[in-house]
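No gaps in the numbering here: position 193 of the sequence shown is 202 in this note's numbering, and each next residue is one more.
By construction, the Cβ of each residue, glycine as well, lies at the ideal position given by its N, Cα and C atoms.
Since this is a predicted model, take the numbers as computed values, not measurements.
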Amino acid sequence: MDKKHKRVVLIGFIGCGKTTLFNKICNTDFKVKQGGQSDTRQVFLKESCHGQGFRVLDTPGFGSSIKKIEHAVGVLNALTEGPLNQIFLVVKWERLGLMRKYIKDMVLIFMRYRNLVTIAVTHMDIAEKNTLEKDKLEFANAMKSFGLYSIVYFSIHDSKKQICFDIDKIILRTEQQKVDLTETEFYTHFDLIEYMEELEMNLEVAKGQIVANFNKISKVVVKFIQEFDVNDKKISTVMHYLALEVKRLAEKEISEFERKNNDIFSQLYEQCSDPVIAYLVDFALKKELMDQVDNIVKLTQLKILNDQEHFFHYIKACPNCGLIWLKVSGCEGATNCGNFPDVDEYFNSYKETQKYKFDITEKGVKFQEMPNINNQEVSLKTQSTELLSKENNQSQKRQGCKAPIE
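The structure is reproduced here in structure tokens:
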């Protein structure tokens, strides 16, 4: 399988054959009730059992007024698993008008991502054979009105191998893309507006204030990263501890939000027959803040690459067998794949990294060095590391192909 995991998500109404399709792709046996309605209550992630390989996410089905929020949360969770190669809108082959209605309800959610959408039509074994080609053409023309041009057909007679092969071909046509639904898309198209009453609105207001405040913090942190001197020898450790501090601040904001609004959460759990709406608001806050944290972490990592002494620059791959090595010894001369140094120059000269304390406000970022642990403790650690290194050298089984590593 490609190191960059290919992912597809299956979305459809109850009884459309989505879970049966999932079972065939992944060679699983999730239950399907008599009459075609599945027991899917959460997101399932599995690997395809044939072909080039891809990951499949099965989601709870549309169509239940009681489980409306459960479905919305399931789809939201599936979208946060990572970038997607395809969104398969699964629909059962039946009267054109009915299929068109089901697809319209689903595609409205993903209008901005139509390039990733494929219509997967199931139950083709019940289609009228005499007019099949004419009916398929009529269906394809109807889908064009939604801007959808990718369609695949499945019947009960299709083998698992053939289904995986058909999906592989579709995946090859698109690049992975992160799917982020806006709040308007989420609440409107999942028909959740009716739930947004006073308690939920109070949570939304509180969430909005926290997001706005954290946005200001993020801006000054990004500015600090961009302006930090790339020649500063402290760059690696400063960036590392800055990323940890921003993550700590985000987690603190989330904890404070939950603590301050505990009464509202309690009332929602008492009054709502399905209190998952409280989870949705909490989930949205965590997602917004952690997305910003992820962006800052990426910026710090890019900045760290400017440090030529960082261990990243010593990671080598054998050009012959592909084995990964941390080249800590013999950097001036030749190193062969499988050579284990008798003296570890890098770790023997290792010094305890400096820790930093940050003060981050809307006005800017300040930091100062924290006192290191005492020299005796550092010395004990060094002695312990040297002893362990010697023991490992004696017991280490030599591996590798002996090819030179540049």
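Check, Outcome
"Environment of His132 [buried if 16+ CB atoms lie within 10 Å]", "buried"
"Alpha helix (DSSP H) segments (min. 4 residues) lying fully within the stretch 133–198", "141–153, 169–180 and 192–198"
"CB contact below 9 Å: Glu213 versus chain D", "Note that chain D does not occur in the displayed structure, where there is just one protein chain."
"At least 3 beta-carbon pairs within less than 8 Å: the stretch 25–40 vs the stretch 143–162", "no"
"The alpha helix (DSSP H) enclosing Glu371, as first and last residue numbers", "Note, Glu371: premise wrong, no alpha helix (DSSP H); not H, not E."
"Identified DSSP bridge partners for Arg16", "Arg64"
"Through-space distance from Lys307 to Leu66, alpha-carbon basis", "27 Å"
"Leu93, DSSP secondary structure in three states", "strand"
"Boundaries (first-last residue) of the alpha helix (DSSP H) holding Lys242", "No alpha helix (DSSP H) holds Lys242; DSSP gives it neither H nor E."
"Nearest-angstrom Cα separation, counted from His319 out to Pro328", "22 Å"
"Inter-residue spacing [alpha-carbon to alpha-carbon] between Val17 and Gly373", "42 Å"
"Beta-carbon proximity of Val188 to Ile176, cut-off 9 Å", "no"
"Stretch-stretch touch, CB-based, cutoff 8 Å, three pairs: the stretch 116–128 with the stretch 214–231", "no"
"For Thr131, the first and last residue of its enclosing beta strand (DSSP E)", "Val126 to Thr131"
"Segment contact flag, the stretch 81–93 with the stretch 168–182, C-beta cutoff 8 Å, min 3 pairs", "no"
"Selection from Ile226, Val126 and Ser154 that minimises the alpha carbon distance to Arg182", "Val126"
"Of the residues Cys410, His59, Glu378 and Phe22, the one placed nearest Thr37, counting alpha carbons only", "His59"
"Option nearest Ser154 by Cα separation, candidates Leu141, Glu103 and Lys110", "Lys110"
"Inter-residue spacing [alpha-carbon to alpha-carbon] between Glu297 and Asp303", "10 Å"
"Gly331 - DSSP class collapsed to helix/strand/coil", "coil"
"When Leu294, Leu311, Ser57 and Pro380 are compared against Phe174, the one with the closest alpha-carbon", "Ser57"
"With 16 other Cβ atoms within 10 Å as the buried cut-off, status of Tyr158", "exposed"
"Endpoints, the beta strand (DSSP E) within which Lys325 is located", "Ile324 to Ala326"
"Boundaries of the alpha helix (DSSP H) in which Asn32 is found, first to last residue", "Lys27 to Cys35"
"C-alpha distance - Val116 paired with Phe292, whole-angstrom precision", "23 Å"
"Secondary structure of Asn211, DSSP reduced to three states", "helix"
"Burial state of Lys143 (16 or more Cβ within 10 Å)", "exposed"
"Which of helix, strand or coil DSSP assigns to Lys364", "coil"
"Ile112 - containing alpha helix (DSSP H), residue span", "Leu105 to Val116"
"Through-space distance from Lys15 to Leu107, alpha-carbon basis", "31 Å"
"DSSP three-state assignment for Gly217, whether helix, strand or coil", "helix"
"Distance between Trp102 and Glu137 (C-alpha atoms, nearest Å)", "10 Å"
"Cα-Cα separation between Ile313 and Arg257, rounded to whole angstroms", "20 Å"
"Local Cβ density within 10 Å of Asn139, reported as buried at 16 or more and exposed below that", "exposed"
"Beta-carbon gap between Leu251 and Phe376 smaller than 9 Å", "yes"
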